[in-house]
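See structure below.
In this note's numbering, the protein residues as written are 163 to 367.
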């Protein structure tokens, strides 16, 4: 009995030593499944081009907000190409475009520096996201004219902004990168103010 017990113990000890050797290997990295969350995002230096690092929430925020912003710019361009649109609406369209186009460039730069694709793995281009317009909705905006176009633009853009605010609040709560979190805060502040402005404009039409 003693000999059998010793043999089992020796085998167990050998297994433990082998595991210890693996754990001490500097090239082993973190455990699978530990790359999610704030503690597992600085494993790969190549994915950490910013001194502050980033996490999956930052990546998703940028990948989703880029097409979301791009559609807002497209909607603004549609309105700016129309005649007989109230000046208050065209002024708003210019303001939205001027604010969001530089943010698209900023987020694109982050993703490139983080060595992740600009478009998410789903490849949906943003469709199905909170507040995103379908192609049919965009066509309705293209076809509308005058006051009808202004009302439709405001109604669609309010919903679009509400979706962006929801996404930005998720980034504020879950993101790690200070610049990305700050952009989330800026989006909430700016777009909640624009939602109030658009509701006032809609009431006045």
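Glycine included, every Cβ here is placed at the ideal spot set by N, Cα and C.
Top-ranked residue by Cα proximity to residue 232, from 245, 355, 326 and 310
326
Starting from the C-beta of residue 299, find all residues in its chain whose C-beta is less than 8 Å away, skip the five residues before and the five after it, and write them out in chain order.
318
Exposed or buried, what is residue 191 when buried is set at 16 or more other beta-carbons lying within 10 Å of its beta-carbon?
Summary for residue 191: the model assigns pLDDT 35, below 50, so the residue's position carries little reliability; its value from the coordinates is reported in the next sentence. So residue 191 counts as exposed.
Have a look at residue 271 and residue 362 and give me their C-alpha separation to the nearest angstrom.
35 Å
The alpha helix (DSSP H) with residue 327 in it runs from where to where?
308–336
Which value, in whole angstroms, describes the spacing of the CA atoms of residue 302 and residue 239?
14 Å
Could you check what DSSP says for residue 231 in three-state terms: helix, strand or coil?
helix
Collapsed DSSP secondary structure at residue 340 in the structure displayed:
helix
Using the rule of at least 16 other Cβ atoms within 10 Å of the residue's Cβ for burial, across every protein chain shown, is residue 278 buried or exposed?
buried
Do the segment 215–225 and the segment 332–345 touch if we need at least three Cβ pairs shorter than 8 Å?
yes
Just the Cα atoms here: how many angstroms apart are residue 280 and residue 314?
30 Å
Residue 308: buried (16+ other C-beta within 10 angstroms of its C-beta) or exposed?
exposed
I'd like to check one pair, residue 254 with residue 360: are the Cβ atoms closer than 8 Å?
yes
Reference residue 296; option with closest CA among 338, 321 and 248:
321
Look at the alpha carbon of residue 294 and the alpha carbon of residue 251, and state the distance between them as a whole number of angstroms.
20 Å
Over what stretch of residues does the alpha helix (DSSP H) that includes residue 249 continue unbroken?
249–275
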